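The opening residue of the sequence shown carries number 138 in my numbering; numbering runs sequentially from there. Remarks on the structure that follows.
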Amino acid sequence: MSLNCNELDLIISELDLQGAFIQEIVQPSYDMLAFRIIKQGVLSTLVICTGANACRINTTENRVTKNEKPLRFHEFLRSHVQGMRINECHQIGLDRIVKFDVSTWQQKYYLYVRLWSGAANVIVTDENGIIQDCMYRRPKKNEMTGAFFSVEEKNVTPDEKAAALEKFPIRTFDSSIDGTLSFNRKIDIFYSEHASVLSRESLLAQAEKWYNVKHSKMESALQKLLDKQKQFENAGHLKHTGDLILSFGSQANGSSLDCIDYDTNEQVHIRLDAKKSIQENAALYYDQYKKAVSGMEDLKHDIEMSKRNIETLDAEYKAIIEQKNVIKIEQMLRHDTTPKQKVEKPHAGLHYEVNGWTIIVGRTATENDDLLRHTVKGADMWLHARDYAGGYVFIKAQKNKTVPLDILLYAGNLAVYHSKARRNGQADLYYTQVKYLRRAKNGPKGLVLPTQEKNLFIKLDETRLRHLDELEKMRMGI
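Take a look at the structure:
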């Protein structure tokens, strides 16, 4: 429930803003502003909320935290309005519009705060009514920079005021809110606890839904890894089957082999590929055994990482439900539910964690250059497709450790995949340490010339690429 016109009038009458200065402006979310105001050495925080069914303006005692990423309108207000003196603040007639007259000795602006559910806005104009910027830009309503905006000042008669008061009474509150408090404070408490938007109850319900969905996905991914681990634990059976094929291959009958298992003295039936020799059939089982054994190490790392991700999620959810400040809860929840493509990355390019090693891929010249300048260091490994345009791949170095062949092959597959050699399915690669790269004089962005490089031939391995994709999805909680 948004403020009605009479409630808004009462709040404005309680505010003592004339002659105050706007010391700081904070925009904690897309639909909220907070002005930190100082007058005669006394600090207060004025909150403006434009959320549907929660449109209001009031002082608050809650701590208003900054948004992690500065928003457009916030940057405008910081540049043009922050530091100004409030000359006047009043409600226009019986409309739910509050007009602020703010200025410095050089500049003057009008701030119109329209608190209509579904059409709320904060509009800043100059003295001539030309819009400088808006909280929400709505070209169809002519609410955009450069357009003209004005609101007719209306004189309200006592009869009109009495009729409005009868139609829109000022709400009363139950005994849970101290009746001796100012109406501003009552409104602040009410919206913090009971509003349908930006209330603790509503936000915790959203948090529970977010947590359950994400936790379920992570648990499902972990269970798949555990099931795969159980399969790999029986890898010895594959080797034993290969041994049986070599031992009793003479008894094979086309696509099958029936023999007595010399370990259990039981009759066993083994399926064979009739097109392959006995040795080739045994080799198939031995290959599966080797993959299972090597895969066990990868799985252990992936399972640990998956468990850590679940623990991190549990800690984040606990922090949300223990937080008392509703504005902070809203920020935490918005940060955790932001689509991943909108989340600012810690560095350019793609990022993979494989068996405790970090692999970073630059896909464009800009990303390559950014990684070289700001992310990688001299001891890190650099890979690039030889004679083909493509991205750079880096392996972050670890102290007193040599890059394992397995990690080099993962990085090599990424280097081929993110190059023009992908269509061929194979390529030769350069690889060397970053400290042996030098920039090409007057060359295009990101171009480097390697020295002390070595050659690595890579044939694309779909299994490795799929594994990298699964690791990335697991890391992102998808």
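For each residue, glycine too, the CB sits at the ideal point set by N, CA and C. Quick caveat, the model's predicted, so the values are computed rather than measured.
Residue(s) in a DSSP beta bridge with residue i
| i | result |
| --- | --- |
| Tyr328 | According to DSSP, Tyr328 bridges with nothing at all. |
| Phe172 | Ile162, Leu183 |
| Val288 | Beta-bridge pairing links Val288 to no other residue. |
| Ala300 | None; Ala300 has no bridge partner. |
| Glu490 | Thr495 |
| Ala342 | Answer is none; Ala342 lacks a bridge partner. |
| Gly527 | Ser556 |
Nearest-angstrom Cβ-Cβ length linking residue i and residue j, presumed shorter than 8 Å
| i | j | result |
| --- | --- | --- |
| Ile159 | Gln243 | That pair is no contact at about 15 Å. |
| Ile229 | Glu290 | 6 Å |
| Tyr529 | Asn550 | About 14 Å; that fails the 8 Å criterion. |
| Leu154 | Ile234 | Actually they are not in contact, since the Cβ atoms of Leu154 and Ile234 sit about 16 Å apart, beyond 8 Å. |
| Phe213 | Asp263 | No, Phe213 and Asp263 are not in contact; Cβ-Cβ is about 13 Å, not under 8 Å. |
| Ile440 | Leu363 | 7 Å |
| Leu359 | Lys437 | Not confirmed; about 13 Å, so no contact. |
| Gly527 | His488 | Contact doesn't hold; Cβ gap of about 18 Å is too wide. |
Cα-Cα separation, residue i to residue j
| i | j | result |
| --- | --- | --- |
| Phe320 | Leu147 | 7 Å |
| Asn371 | Ile447 | 27 Å |
| Leu409 | Arg601 | 27 Å |
| Val259 | Ala301 | 24 Å |
| Tyr454 | Val201 | 20 Å |
| Ile382 | Ser393 | 10 Å |
| Ile185 | Leu170 | 5 Å |
| Trp519 | Glu417 | 38 Å |
| Leu248 | Ala485 | 39 Å |
| Ser387 | Pro541 | 41 Å |
| Arg603 | Leu597 | 11 Å |
| Glu225 | Met469 | 35 Å |
| Phe369 | Pro581 | 49 Å |
| Met442 | Phe531 | 21 Å |
| Cys192 | Glu144 | 12 Å |
| Phe385 | Trp347 | 57 Å |
| Leu180 | Ser353 | 46 Å |
| Arg576 | Arg510 | 11 Å |
| Lys298 | Phe327 | 25 Å |
Closest residue to residue i among the options (Cα-Cα distance)
| i | options | result |
| --- | --- | --- |
| Leu545 | Arg575, Leu584, Thr495 | Thr495 |
| Ala157 | Glu144, Asp238, Arg251, Thr569 | Asp238 |
| Gly255 | Asp168, Val163, Asp153 | Asp168 |
| Ala411 | Asp263, Leu381, Ala389 | Ala389 |
| Ala429 | Ile307, Lys365, Glu609, Ala552 | Lys365 |
| Ala391 | Ile407, Phe369, Phe286 | Ala is not the amino acid found at residue 391; the sequence shown has Gly there. The shortest Cα separation from Gly391 among Ile407, Phe369, Phe286 belongs to Ile407. |
| Val571 | Gly580, Ala577, Asp517, His604 | Asp517 |
| Leu208 | Gly379, Lys578, Val163 | Val163 |
| Tyr246 | Ala257, Leu252, Val261, Asp232 | Val261 |
| Ala419 | Asp400, Asp606, Asp380 | Asp380 |
| Ser312 | Lys323, Glu303, Lys304 | Lys323 |
| Ser329 | His211, Glu467, His217 | Glu467 |
Does the contact criterion of 3 or more C-beta pairs under 8 Å hold for the segment 438–458 versus the segment 189–207?
no
Taking contact to mean at least 3 C-beta pairs separated by less than 8 Å, is the segment 590–597 in contact with the segment 560–577?
yes
State whether the segment 550–559 contacts the segment 577–589, with contact taken as three or more CB pairs (one from each stretch) at a distance under 8 Å.
no
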